[in-house]
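These notes are about the structure you will find just below.
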Amino acid sequence: MGSGFLKADMEKYSSIAETVNSRGDKLEKAGYHAQLNTKTNTLNHFFNGGGIREKVECLQGSRYRVRDKMYSGKE
68 MGSGFLKADM EKYSSIAETV NSRGDKLEKA GYHAQLNTKT NTLNHFFNGG GIREKVECLQ
128 GSRYRVRDKM YSGKE
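The sequence shown begins at 68 in the working numbering and counts up by one.
If you want it as structure tokens, here you go:
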């Protein structure tokens, strides 16, 4: 099940971020605090390594970066 969520996030990360941010803007306009603010170039998944939790940055050509390490979409 987890791989399906990751695949969907990899395919739709930009539109997911736009939707989340749009809903957050609506909450703020209604006087509430936006619960999430996401970047349009990151996945909603994290890489955990060495006790550190890092966001996965999306690059062109189905490539991804965590800190200084690059990954392909297949990895």
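Glycine included, every Cβ here is placed at the ideal spot set by N, Cα and C.
Check: With a Cβ-Cβ cutoff of 7 Å, do residue 87 and residue 103 count as a contact?
Finding: Here residue 87 refers to the residue found at position 20 of the sequence shown. Here residue 103 refers to the residue found at position 36 of the sequence shown. The Cβ atoms of residue 87 and residue 103 sit closer than 7 Å to each other.
Check: With burial defined as no fewer than 16 other Cβ atoms inside 10 Å of the residue's Cβ, what is the status of residue 97: buried or exposed?
Finding: Here residue 97 is taken as the residue at index 30 of the sequence shown, counted from 1. So residue 97 counts as exposed.
Note to self: So, with DSSP's three-state summary, where would you put residue 116?
What the structure shows: As a first step, residue 116 must be located in the sequence shown, where it is residue number 49. Looking at residue 116 - three-state DSSP - the assignment turns out to be strand.
Check: Using the C-alpha atoms, what's the distance from residue 121 back to residue 135?
Finding: Reading the sequence shown from its first residue, position 68 is the one you call residue 135. Reading the sequence shown from its first residue, position 54 is the one you call residue 121. The straight-line gap from Cα to Cα measures roughly 11 Å.
Check: Can you tell me the Cα-Cα spacing of residue 73 and residue 105, whole angstroms?
Finding: One-based indexing of the sequence shown puts residue 73 at position 6. One-based indexing of the sequence shown puts residue 105 at position 38. Distance between the alpha carbons of residue 73 and residue 105 is about 16 Å.
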